[in-house]
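Residue numbers (my numbering): 26 to 315.
The beta-carbon is built from N, C-alpha and C at its ideal position, and this holds for glycine as well.
Structural data, given as structure tokens:
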């Protein structure tokens with residue numbers, strides 16, 4: 026075989042290989058196109074179905090909206106008729122308003138005519154209101170004073186009844202004692218009997234005031250007890266002061282006083298026996314018995 030023949034054989038082999046590759050490529054492309062065509066057909070069918078559904082929905086929507094438009098037109102016609110009726114009614118109300126405005130103008134003129142009189146009456150009412158308030162406050166003050174006086178009268182009435190009862194009791198006791206003394210053959214008005222001093226009852230009170238002498242000692246004291254407590258002139262009382270923790274809470278004896286002046290609720294006494302280690306002061310205690 027010549028060289029040319031060999032070259033042609035090689036070229037033929039190469040062309041055969043190229044043709045086979047080209048044929049395979051064409052087959053592959055055909056297969057891909059076919060698959061793609063099938064997919065496109067499926068998509069077209071799906072889109073066609075969707076389009077049919079949309080057309081059906083559009084038809085239903087169009088029918089509904091057409092009905093709504095017709096209903097709206099009917100309502101618009103009814104509203105137009107109602108609007109015409111309202112316009113007529115407004116016109117009628119406007120006429121009524123004009124009439125009322127005229128009446129108002131007349132009333133305003135009358136009000137302006139009587140304005141000064143109303144102002145005067147209002148001022149008079151304000152002045153009367155101030156006077157009434159003052160009188161009301163005065164009445165309240167008087168009521169409070171009356172209530173206070175009624176309370177005072179009630180308290181004094183109770184105290185008076187108590188004193189009258191106590192006085193009657195003392196008179197009964199005195200008459201009884203006079204009878205006993207008379208039965209014993211003793212004259213109660215005799216100087217020896219009149220000068221006798223009965224012992225003071227069991228009482229306890231406070232020193233409410235003191236008066237010093239020139240040596241700064243206590244000379245006179247005022248106590249919170251009086252004739253209402255059964256005391257009288259000449260009675261003697263003991264003075265002491267409460268103890269503290271330092272001396273074991275033992276009371277301290279300060280002296281003895283004799284009453285020289287007695288009121289119903291207080292009395293004045295003079296110091297007849299003063300302790301050497303203490304001075305009688307305001308707030309100390311007095312007692313008829315140690």
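Runs of alpha helix (DSSP H) lying entirely within the segment 212-292, each at least 4 residues, in chain order: 216-219
Three-state secondary structure (DSSP) of residue 120: Position 95 of the chain shown, counted from the first residue, corresponds to residue 120. Here residue 120 sits in helix by DSSP.
Burial state of residue 225 (16 or more Cβ within 10 Å): Numbered from its first residue, the chain shown carries residue 225 at position 200. Classification of residue 225: buried, given that the 10 Å Cβ count is 16 or more.
Proximity winner among 280, 311 and 294, relative to residue 301 (alpha-carbon distances): The residue given as residue 301 occupies position 276 in the chain shown. If we check each option's Cα against that of residue 301, 280 comes out closest.
Cα-Cα separation between residue 20 and residue 291, rounded to whole angstroms: There is simply no residue 20 to check, as the chain begins at 26 and stops at 315 in what is shown.
Burial state of residue 260 (16 or more Cβ within 10 Å): Here residue 260 corresponds to residue number 235 of the chain shown, with the count starting at 1. Label assigned to residue 260: buried.
For residue 311, the first and last residue of its enclosing beta strand (DSSP E): Residue numbering aside, residue 311 sits at position 286 when the chain shown is read from its first letter. That run of the beta strand (DSSP E) goes 310-312.
Burial state of residue 313, where buried means 16 or more other Cβ atoms lie within 10 Å: Here residue 313 refers to the residue found at position 288 when the chain shown is read from its first residue. With 16 or more other Cβ atoms within 10 Å, it is buried.
Exposure of residue 243, with buried meaning 16 or more beta-carbon neighbours within 10 Å: Residue mapping note: residue 243 aligns to position 218 of the chain shown, counting from 1. Classification for residue 243: buried.
Under the three-state DSSP convention, the category residue 303 falls into: Within the chain shown, numbered from 1, the residue matching residue 303 stands at position 278. Note: residue 303 maps to coil in three-state DSSP.
Minimum C-alpha distance to residue 258 - residue among 65, 287 and 303: For the purposes of this step, residue 258 is identified with residue 233 of the chain shown, where counting begins at 1. The residue with the shortest Cα to Cα distance from residue 258 is 287.
Integer-rounded CB distance, given that residue 231 should sit under 8 Å from residue 310: Walking along the chain shown from the start, residue 310 turns up at place 285. Walking along the chain shown from the start, residue 231 turns up at place 206. Residue 310 to residue 231, Cβ: 6 Å. Contact.
Inter-residue Cα distance where the pair is residue 81 and residue 88: Residue mapping note: residue 81 aligns to position 56 of the chain shown, counting from 1. Residue mapping note: residue 88 aligns to position 63 of the chain shown, counting from 1. Rounded to whole angstroms, residue 81 to residue 88 spans 11 Å at the Cα level.
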